[in-house]
Structure formats: structure tokens, C-alpha cells
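Using numbering that gives the first Met the number 0, the letters of the sequence shown map in sequence onto residues 0 to 281. Idealized CB from N, CA, C, for every residue including glycine. As the structure is a computational prediction, the values presented were derived from the model and not from experiment. Each remark here refers to the structure printed beneath this line.
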Amino acid sequence: MKEFDFIRTLKKLSPLPWERTVGNDSAFFKLKHKRGLISKDILLEDQHFFSSIPADALAYKSLAVNISDIVSDGGTPRAFLIGLGASSNHFSILSALFESLYKYARQWNIPIIGGDTVYSDKLLLSITCLGDAPQNPWFRKNARLGDYLYITGTLGSSAWGLSKIPTLGHELSDPHIKRHLYPPLYLDFPSLFKNKIHAAIDISDGFYQDLTHLLEESNLSAVITPETLPLDPSLPPEAKNTALRGGEDYELLFASPLAPSSRRWPPNLQKIPIAPIGKIIN
Numbered sequence: 000m001k002e003f004d005f006i007r008t009l010k011k012l013s014p015l016p017w018e019r020t021v022g023n024d025s026a027f028f029k030l031k032h033k034r035g036l037i038s039k040d041i042l043l044e045d046q047h048f049f050s051s052i053p054a055d056a057l058a059y060k061s062l063a064v065n066i067s068d069i070v071s072d073g074g075t076p077r078a079f080l081i082g083l084g085a086s087s088n089h090f091s092i093l094s095a096l097f098e099s100l101y102k103y104a105r106q107w108n109i110p111i112i113g114g115d116t117v118y119s120d121k122l123l124l125s126i127t128c129l130g131d132a133p134q135n136p137w138f139r140k141n142a143r144l145g146d147y148l149y150i151t152g153t154l155g156s157s158a159w160g161l162s163k164i165p166t167l168g169h170e171l172s173d174p175h176i177k178r179h180l181y182p183p184l185y186l187d188f189p190s191l192f193k194n195k196i197h198a199a200i201d202i203s204d205g206f207y208q209d210l211t212h213l214l215e216e217s218n219l220s221a222v223i224t225p226e227t228l229p230l231d232p233s234l235p236p237e238a239k240n241t242a243l244r245g246g247e248d249y250e251l252l253f254a255s256p257l258a259p260s261s262r263r264w265p266p267n268l269q270k271i272p273i274a275p276i277g278k279i280i281n
């Protein structure tokens with residue numbers, strides 16, 4: 000069974016009191032007085048990362064991709080749970096790994112509050128991120144007719160960097176490899192935009208695929224202006240052919256009622272490049 004077929008099956012099984020949000024970037028649940036978001040990713044050695052990955056990069060990315068899921072639903076990350084599978088062969092990396100995990104948790108003010116460990120021949124890192132949900136989460140199904148589509152940052156560099164690792168290793172002086180290992184974070188995005196975004200998704204599977212996910216959940220279509228798609232200008236010609244399919248960008252694709260010329264855009268967006276790429280239609 001393919002991944003998204005499996006997700007569709009899970010959506011039918013989602014029990015109360017959990018709302019039926021399986022298939023979004025975060026799970027959604029209600030507490031007595033608050034609502035929350037939960038995101039989880041499992042990273043397995045030789046399947047999701049190379050065994051030669053620097054401990055700092057593994058720590059950063061494993062936390063960052065979970066933060067991205069919470070942020071793309073409009074939430075505020077609050078805490079992490081860490082699951083670890085390892086053997087005695089991994090002792091040399093574990094100290095540096097957890098030092099970096101705690102370093103970034105402190106830097107972002109998102110504490111690690113617990114976790115679990117298990118023996119594993121392959122290094123396995125399972126991260127759960129807990130977050131506060133906004134009043135109106137940016138679920139994919141919430142895109143509306145007439146919304147404008149936008150993307151943060153640029154696309155293609157991460158996938159190109161991943162393709163270089165088997166040859167160059169984890170060479171951080173290469174900007175594309177570094178971009179793959181250290182994806183962008185937009186922690187302030189929900190507080191800046193609040194009710195100015197209807198739906199969003201982080202681009203992890205590739206622009207085309209993630210755009211399709213958003214449109215299918217909303218039962219809508221879109222008109223895209225290819226010339227405005229923000230490809231990384233440093234990509235060589237051979238990389239641009241796969242830039243929109245490669246994934247691992249962790250940029251935000253979002254639907255907003257704000258037109259590009261609107262005066263209602265949040266201030267202080269100079270550090271977050273945002274490109275208009277199309278519009279939602281029937």
C-alpha cells in the first residue's frame with residue numbers, strides 16, 4: 000500500500016475525541032480549555048539519512064521538520080518528545096547528537112520534555128512536537144475560492160544538495176548540501192499572519208505533490224504562473240528540471256485572501272521572501 004493510500008485508510012479510522020485531521024501536517028485534538036497540535040517524524044539510518052551525517056545536522060533537521068509541520072498549520076511549537084533507537088555502535092555520536100538537540104531546543108525555546116529509548120542496530124530518531132493550535136488552523140481543507148497562492152523562500156536547492164551527498168559527503172561548504180541539512184524555519188510566521196492565511200502546507204514531498212495535496216483536501220483547483228515560481232537561482236540547468244518535484248524544501252505553500260498588492264500584509268517581512276505563484280479557482 001502506498002503512503003497516501005494508507006493515510007486515507009487512517010482517516011476513516013480516526014476516533015473521537017480526535018478530529019478527523021489525519022493527512023494534515025499535524026494531528027489535531029481538543030483539551031478541556033485549549034486545543035493543540037501534534038506532529039511526529041521517524042528518521043532511520045540509511046533510509047532517511049546517511050550514517051556519516053554530522054550529529055549537529057541530524058539534530059537540527061529532525062527537530063526542524065517537526066516544527067515546520069506545526070507552523071504550517073498555524074500553530075506555535077511548545078515542546079518535544081524524543082524517541083531513540085540505538086546500539087553500542089552509536090555511542091560515539093549520541094553525546095554530540097543530544098548536545099545539539101538540547102542546544103536547538105534552548106535556542107528556539109521549545110523544551111524537550113521526555114521520550115523513550117529502544118535497542119536498534121540502525122540509529123533511529125523519533126521526534127514528537129507538541130504545539131498550541133490557533134483559533135482557525137491553516138488546515139489544507141480550508142483554502143477558499145479566490146485565495147492567492149504564495150511560497151516562502153526558494154525551491155530546488157535541498158533536493159540538489161541531497162543528490163550531491165553520495166559524491167561529496169556532508170560537505171557544509173557546499174550551499175546546496177547545507178540547505179538540505181539545515182532547512183529554513185519560520186517560527187514567527189503564525190504570529191505575523193494570524194487570520195491572514197486560510198490553508199498551508201510545508202513543501203516536503205515536492206511542490207507539485209504538496210500543491211496537489213492542498214487542492215485535493217480543499218476540493219478546488221488552481222491557476223499557477225510558472226514564471227513566478229521561486230527556483231533557487233544558484234541551481235545549474237540540470238537541477239532545475241527536478242526542482243519542483245524533488246522535495247525536502249520545507250518552505251511554506253499557503254493560500255491567503257491577501258492580494259499581492261494588498262496593504263494588509265504584515266509588517267517586518269523583509270527577512271522572509273514570499274513569491275505569489277497563482278490563485279485558487281473551481
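query: Are there 16 or more other CB atoms within 10 angstroms of the CB of Tyr-249, so buried, or fewer, so exposed?
result: For the purposes of this step, residue 249 is taken as the residue at position 250 of the sequence shown. Classification of Tyr-249: buried, given that the 10 Å Cβ count is 16 or more.
field: Where Gly-145 sits in the DSSP three-state scheme
entry: Mapped onto the sequence shown, residue 145 falls at position 146. Coil.
field: Given Ser-119 as reference, the closest of Thr-241, Ile-280, Glu-44, Pro-235 once Cα atoms are compared
entry: Residue numbering aside, residue 119 sits at position 120 when the sequence shown is read from its first letter. The option with the nearest alpha carbon to Ser-119 is Glu-44.
- request: Using 10 angstroms around the beta-carbon of Arg-178, count the other beta-carbons present and answer buried if the total reaches 16, otherwise exposed.
  value: As a position in the sequence shown, residue 178 is number 179, starting the count at 1. The residue in question, Arg-178, is buried, as its Cβ has 16 or more Cβ neighbours within 10 Å.
task: Classify Phe-48 as buried or exposed, calling it buried when 16 or more other Cβ atoms lie within 10 Å of its own Cβ.
output: By one-based count along the sequence shown, residue 48 stands at place 49. Phe-48 is buried by the Cβ-count criterion.
field: Helix, strand or coil at Gly-277 according to DSSP, with G and I counted as helix
entry: Position 278 of the sequence shown, counted from the start, is the residue given in the question as residue 277. Collapsing the DSSP output to three states places Gly-277 in a strand.
Limits of the alpha helix (DSSP H) - the one that Arg-262 falls within: Indexing the sequence shown from 1 puts residue 262 at position 263. Segment: none, Arg-262 is in no alpha helix (DSSP H) and carries neither H nor E.
field: Neighbourhood of Lys-33 by C-beta, 6 angstroms cutoff - its chain only, sequence neighbours within 5 removed
entry: Taking the first residue of the sequence shown as position 1, residue 33 is located at position 34. Correct list: empty, nothing qualifies.
- prompt: Based on the DSSP output, what are the partners of Phe-253 in its beta bridges?
  reply: By 1-based counting over the sequence shown, the position of residue 253 is 254. Note: Phe-253 sits in a beta bridge opposite Tyr-149, Ala-199.
query: Between Asn-88, Asn-141, Asp-115, Leu-57, which lies nearest to Asn-218 when the distance is taken from Cα to Cα?
result: Residue mapping note: residue 218 aligns to position 219 of the sequence shown, counting from 1. Restricting attention to Asn-88, Asn-141, Asp-115, Leu-57, the CA atom closest to the CA of Asn-218 is found in Asn-141.
message: Distance check for Ile-66 and Lys-193, CA to CA, integer angstroms please.
response: Looking up residue 193 in the sequence shown gives position 194. Looking up residue 66 in the sequence shown gives position 67. Near 17 angstroms, if we compare the C-alpha coordinates of Ile-66 and Lys-193.
message: Give me the residue from Asp-187, Pro-232, Gly-246 with the minimum Cα distance to Gln-208.
response: Locating residue 208 in the sequence shown gives position 209, counting from the first residue. When each option's Cα is compared against that of Gln-208, the closest is Gly-246.
field: Cα-Cα separation between Ala-78 and Ile-92, rounded to whole angstroms
entry: Numbered from its first residue, the sequence shown carries residue 78 at position 79. Numbered from its first residue, the sequence shown carries residue 92 at position 93. Using only the alpha carbons, I get a separation of about 23 angstroms.
query: By the 10 Å Cβ neighbour count, where 16 or more other Cβ atoms means buried, how is Leu-12 classified, buried or exposed?
result: Residue 12 sits at position 13 when you count from the first residue of the sequence shown. Residue placement at Leu-12 is poorly supported in this model, since its pLDDT is 45, which falls under 50; the coordinates still yield a value, given next. Classification of Leu-12: exposed, given that the 10 Å Cβ count is below 16.
- prompt: Using 8 angstroms as the Cβ pair cut-off and three pairs as the minimum, do the segment 195-215 and the segment 252-269 touch?
  reply: yes
Assigned secondary structure, Gly-160 (DSSP; H/G/I helix, E/B strand, else coil): Taking the sequence shown and counting its residues from 1, one reaches residue 160 at position 161. Gly-160 carries a helical assignment under DSSP once its states are collapsed to helix, strand and coil.
The beta strand (DSSP E) enclosing Phe-79, as first and last residue numbers: As a first step, residue 79 must be located in the sequence shown, where it is residue number 80. Its beta strand (DSSP E) spans residues 75-85.
- prompt: Between Ser-94 and Pro-110, what straight-line distance do the alpha-carbon atoms span, to the nearest angstrom?
  reply: Locating residue 94 in the sequence shown gives position 95, counting from the first residue. Locating residue 110 in the sequence shown gives position 111, counting from the first residue. Put simply, the backbone Cα of Ser-94 is about 18 angstroms away from that of Pro-110.
query: Is Thr-127 closer than 8 angstroms to Asn-37 when the C-beta atoms are compared?
result: The sequence position of residue 37 within the sequence shown is 38, counting from 1. The sequence position of residue 127 within the sequence shown is 128, counting from 1. Strictly speaking, residue 37 in this sequence is Ile, with Asn absent from that position. Yes, these two residues count as a Cβ contact at 8 angstroms.
- prompt: Alpha carbon to alpha carbon, what distance is there between Ile-176 and Ile-279?
  reply: The residue labelled residue 279 in the question sits at position 280 within the sequence shown. The residue labelled residue 176 in the question sits at position 177 within the sequence shown. So the alpha carbons of these two residues sit roughly 34 angstroms apart.
- prompt: Excluding five sequence neighbours on each side, which residues of the same chain lie with their C-beta closer than 6 angstroms to the C-beta of Lys-39?
  reply: Working through the sequence shown from its first residue, we reach residue 39 at position 40. Cβ neighbours of Lys-39 beyond the five flanking positions: Thr-127.
task: Please name the residue, chosen from Ser-220, Pro-235, Leu-243, that lies closest to Glu-226 on a Cα-to-Cα basis.
output: One-based indexing of the sequence shown puts residue 226 at position 227. Among Ser-220, Pro-235, Leu-243, the Cα nearest to that of Glu-226 belongs to Leu-243.
task: Measure the alpha-carbon distance for Pro-272 versus Asp-115 and round it to whole angstroms.
output: Translated into the one-based positions of the sequence shown, residue 272 becomes position 273. Translated into the one-based positions of the sequence shown, residue 115 becomes position 116. The straight-line gap from Cα to Cα measures roughly 38 angstroms.
message: Given this structure, state the Cα-to-Cα distance separating Lys-121 from Asn-135, to the nearest angstrom.
response: The count along the sequence shown starts at 1 and reaches residue 121 at position 122. The count along the sequence shown starts at 1 and reaches residue 135 at position 136. C-alpha of Lys-121 to C-alpha of Asn-135: approximately 40 angstroms in a straight line.
8 angstroms contact criterion, which Ile-200 and Ser-71 should meet: CB distance rounded: Within the sequence shown, the letter at position 201 stands for residue 200. Within the sequence shown, the letter at position 72 stands for residue 71. Contact flag correct, Cβ pair sits at about 6 angstroms.
DSSP bridge partner residues for Ala-309 (one or two, in chain order): Lying outside 0 to 281, the shown extent of the chain, residue 309 is not represented and no answer is given.
- prompt: Are the beta-carbon atoms of Tyr-147 and Leu-257 separated by less than 8 angstroms?
  reply: Taking the sequence shown and counting its residues from 1, the one referred to as residue 147 is at position 148. Taking the sequence shown and counting its residues from 1, the one referred to as residue 257 is at position 258. With contacts defined by Cβ atoms closer than 8 angstroms, Tyr-147 and Leu-257 form a contacting pair.
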